[in-house]
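Residue numbers (the working numbering): 7 to 100. We treat Cβ as the ideally placed atom computed from N, Cα and C, and that holds for glycine.
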Amino acid sequence: MSTPLFRQATPADVNRCYEIETLAYEGDEAATREKIATRIQRYPQGFICMESDDEVAGFINAGCAWEVVMSDEAFKELVVHDPDAPNAVIMSVV
Numbered sequence: 007m008s009t010p011l012f013r014q015a016t017p018a019d020v021n022r023c024y025e026i027e028t029l030a031y032e033g034d035e036a037a038t039r040e041k042i043a044t045r046i047q048r049y050p051q052g053f054i055c056m057e058s059d060d061e062v063a064g065f066i067n068a069g070c071a072w073e074v075v076m077s078d079e080a081f082k083e084l085v086v087h088d089p090d091a092p093n094a095v096i097m098s099v100v
């Protein structure tokens with residue numbers, strides 16, 4: 007096993023991250039492939055992948071907001087994301 011490498015996610019990571027997400031969370035608790043793609047596209051600095059042996063083995067993703075409302079689907083899609091906001095919200099650690 008190689009030393010883990012942490013790096014910013016890219017659009018090429020969407021499918022693997024979705025695969026990991028659906029293994030870690032059941033049913034509708036897992037983010038959809040589209041939500042993962044949106045999070046990477048809108049705030050790549052907040053989506054960090056961990057690689058092991060040249061494959062994404064896990065990830066953490068977050069967004070920033072002035073007001074946190076986890077029940078708000080728009081929030082989960084980073085519609086209200088503001089990198090200058092004081093609240094960082096971690097959405098997945100897998």
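Item: Distance between beta carbons of serine 8 and aspartate 59, contact taken as under 8 angstroms; Value: 5 angstroms
Item: Per-residue DSSP class, three states only, for valine 62; Value: strand
Item: Reduced DSSP secondary structure (H/G/I, E/B, other) of glutamate 73; Value: coil
Item: Counted within 10 angstroms of its Cβ, other Cβ atoms place asparagine 93 as buried (16 or more) or exposed; Value: exposed
Item: Leucine 11, DSSP secondary structure in three states; Value: strand
Item: Straight-line Cα distance separating proline 17 from glutamine 47; Value: 7 angstroms
Item: Local conformation of alanine 30 per DSSP, three classes; Value: helix
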